[in-house]
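The structure appears right after this line, and notes come after that.
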Amino acid sequence: MKHEIGWVTAAPLWRGRAVAPGVIAAPDLLRFDSDDFMDDLTALLAKRPADLAGKIATKKTYRARPPGAPVDWPPPPAALRLYQPVHGHFNLVIASLVCHTPGLPDHGVDPAKGEEAWFVLRRLRKSDAREMAWVTDAQKRNTWSPIAGDAKLGEVAEGEQLLPLFMVPFTENGRTRRLWAGLIPTSSRETFVATREAVPEVFPEEAAPAPGAPHPSIPEPPFTDPELVEARARVIGGLQALVTPRTTLAQTSAERHAEELMEQEVTRFFLLDLADLLTRYAPSVMGSSRPPSTAPKARALYDLLPASGVRAQLAVALSQWAQITGESEGTSSITVNLRNVALDVYTFARALDEAIKEHLAATPAPAPAGGDPARPGAMELPQLDDGEARYVLRCVYRRTRCRPPHPDLVSARSAEFTIAPFFDPDAPARPVRIALPVDTSLKGLRKFRKGVAFLLSDQLRKQMSQASNMKDLLDGKAGSEEPFTLGEICSFSIPIITLCAFIVLMIFMIVLNFVFWWLPLLRFCFPIIKRK
């Protein structure tokens with residue numbers, strides 16, 4: 017018998033709630049304050065599943081109450097805040113996948129049949145609270161892509177990253193049930209915040225303007241497309257400067273000749289930059305023949321470039337790069353002036369953008385070699401966090417082998433939450449205790465083995481030997497190098513290194529206290545009673 021399947025609140029949390037699919041449709045967020053959170057979860061479900069309600073994440077602050085403040089200070093944060101593992105907290109999303117029949121029995125997920133359980137993290141846009149999916153594009157870059165319309169909220173966006181759910185069985189009233197849980201990636205908070213929202217097409221689809229009508233201004237490309245940014249800066253900017261009408265009307269023949277020579281030089285640099293850009297991002301345009309039909313955008317750009325004024329000069333500009341840039345003597349043979357070439361800047365910029373994007377989409381990014389980025393200039397520019405970003409979660413059930421294909425089953429969204437930054441005064445402080453050596457006498461310190469070795473090259477040892485007199489160094493004088501040419505291996509004791517680091521730390525804290533006055537906030541010491 018066919019029946020509907022759906023995501024609902026995890027079964028142990030149904031008590032006290034109206035058990036109806038529409039009421040308990042949203043997944044819940046749990047908070048654990050131990051590194052053993054998985055053992056705590058399974059132990060809780062094995063002992064008393066209903067106590068799972070005490071782990072639901074609530075608005076809570078761990079900020080210390082200052083002297084004189086009321087007992088209920090500070091008030092909880094305005095929004096639900098999830099803290100990071102560095103704070104000692106681990107957060108889970110939990111839900112149950114059930115059949116909508118009496119009793120809401122669990123629906124199994126069979127990986128052998130292509131069935132999968134995931135969850136997705138979505139950010140709420142500040143302007144209109146629209147959900148944005150965490151998407152990976154063709155160039156392996158992450159962006160926040162707005163969900164188009166409410167009807168699409170129940171679907172997985174194209175390229176949206178899926179986070180794993182794992183099944184946790186438990187027994188309740190003698191009946192074995194299961195819930196699905198997933199670890200929320202709060203430690204990736206800085207990545208989520210710094211990633212920009214996906215922007216629409218740089219050149220929107222629009223009807224061509226009437227003949228003689230002016231084009232709109234050339235839009236700026238997003239910073240997430242460094243190739244387009246490079247094209248604007250190196251090529252389009254120079255072309256716009258050349259086609260700008262001259263401001264002077266009356267000129268002498270000598271002035272006009274000097275201006276013509278300057279424009280020819282600017283044209284040569286334009287052709288060299290354009291040739292270099294096309295070689296890397298649209299190489300088919302640089303060929304002597306028309307690009308193939310499989311690259312329609314490159315073919316359109318090829319047809320747009322004037323054959324005599326631009327296209328024929330690109331290879332010449334590359335071969336004469338030394339003369340153009342002044343790296344060698346002699347002058348370039350290129351005498352073209354783009355001011356005299358019929359080339360519409362707006363149409364050219366649009367065709368160049370589309371040809372570059374076509375090539376990038378068809379060419380897989382090469383693997384980094386030697387630590388260098390795969391794409392030259394591909395630098396992610398972070399955006400400033402001008403407020404707390406809000407997120408929601410949705411669970412996903414997929415059946416990848418069903419024929420005909422079944423749509424993904426996406427749950428209702430969870431409660432809204434924010435992710436606390438690394439330095440958050442409301443976050444708990446994970447206790448860290450570093451023990452220093454107890455016996456710091458000469459007799460006690462010599463007992464520690466020298467287990468840390470530093471290998472010094474011959475050159476470094478010579479340089480360090482010049483730093484033998486601190487007074488001379490402060491006066492700008494370095495000592496002489498030791499004559500022998502041998503490296504060294506110096507062994508140190510970890511406890512003594514730790515003791516020295518602590519002493520140096522305290523020295524700097526005391527010195528900088530004159531600026532920050534932070535010692536009362538930094539250090540709190542109390543005695544340890546030593547047993548006799």
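Start counting the sequence shown at 17; every next residue gets the next number (the numbering used here).
Beta carbons are placed, not taken as given, at the ideal position from N, Cα and C, and that holds for glycine.
Bear in mind the structure is a predicted one, so any value in this text is a computation, not a measurement.
- Residue range 253-259 is occupied by the alpha helix (DSSP H) that includes Gly253.
- In the DSSP annotation of this structure, the continuous segment of the beta strand (DSSP E) that includes Cys411 starts and ends at 406-415.
- Pairing Thr211 with Thr159, the inter-Cα distance amounts to about 6 angstroms.
- Under a 10 Å Cβ-count criterion, His273 is classified as exposed, with fewer than 16 other Cβ atoms of the shown protein chains found around its own Cβ.
- Counting C-beta pairs closer than 8 angstroms gives three or more between the stretch 303-321 and the stretch 359-368, which meets the contact rule.
- Ser507 carries a strand assignment under DSSP once its states are collapsed to helix, strand and coil.
- Note on the stretch 309-375: there is no whole beta strand (DSSP E) run with a minimum of 3 residues.
- In the DSSP annotation of this structure, the continuous segment of the alpha helix (DSSP H) that includes Thr58 starts and ends at 53-63.
- Taken through DSSP and simplified to helix, strand or coil, Leu181 comes out as coil.
- Under the DSSP assignment, Phe540 falls outside any alpha helix (DSSP H); it carries neither an H nor an E label.
- Nearest neighbour of Thr514 by Cα position, chosen from Phe542, Gln475, Gly467, Ser481, turns out to be Gly467.
- Residue pairing from DSSP leaves Asn529 without any beta-bridge partner.
- Secondary structure at Ser300: helix, using DSSP grouped into helix, strand and coil.
- Taking every protein chain shown into account, the CB of Trp23 has 16 or more other CB atoms within 10 angstroms, so this residue is buried.
- Judged by beta-carbon spacing, Arg138 lies within the 8 angstroms limit of Glu147, meaning their Cβ atoms are closer than that value.
- For Val209, the enclosing alpha helix (DSSP H) begins and ends at 205-210.
- Contact check for Ile200 against Val109 passes: the beta carbons are separated by less than 8 angstroms.
- Residue state for Glu132 is assigned as strand, using DSSP reduced to three classes.
- The stretch 251-261 and the stretch 283-290 touch, with three or more beta-carbon pairs separated by less than 8 angstroms.
- If you keep only unbroken beta strand (DSSP E) runs of at least 3 residues inside the stretch 138-188, you get 147-152, 158-162, 182-188.
- In its chain, beyond the 5 residues on either side, Gly503, Glu504 have a beta carbon closer than 7 angstroms to the beta carbon of Arg477.
- As a beta-bridge residue in DSSP terms, Gly22 pairs with Val114.
- Rounded to the nearest whole angstrom, the C-alpha separation of Met302 and Lys156 is 27 angstroms.
- Of the residues assessed, Leu61 falls on the buried side of the cut-off, its CB having 16 or more other CB atoms within 10 angstroms.
- With respect to the 8 angstroms criterion, Ser430 and Val448 are not classified as neighbours on the basis of their beta carbons.
- In terms of Cβ geometry, Asp44 and Leu29 form a close pair [threshold 8 angstroms].
- DSSP, reduced to helix, strand and coil, places Val454 outside both helices and strands of the structure shown, so it counts as coil.
- Around the C-beta of Phe48, 16 or more other C-beta atoms lie within 10 Å, and the residue is accordingly described as buried.
- Just so you know, the alpha carbons of Ala371 and Gln100 end up roughly 43 angstroms apart.
- Rounded to the nearest angstrom, the gap between the Cα atoms of Pro543 and Phe508 is 30 angstroms.
- Three or more beta-carbon pairs separated by less than 8 angstroms link the stretch 437-453 to the stretch 67-83, which places the two stretches in contact.
- Counted as a single uninterrupted DSSP element, the alpha helix (DSSP H) harbouring Arg477 occupies residues 474-481.
- Shown here for Leu244: same chain residues with a beta carbon closer than 7 angstroms to its own, the five before and five after excluded, namely Val218, Pro237, Asp369, Ile372 in chain order.
- The shortest C-alpha to C-alpha distance from Glu279 to any of Leu471, Gln256, Pro536 is the one to Gln256.
- In this structure Gly198 is buried. Its beta-carbon is surrounded by 16 or more other beta-carbon atoms within 10 angstroms.
- Selection Gly165, Glu343, Ala133 evaluated against Ala111 yields Ala133 as nearest (Cα-Cα).
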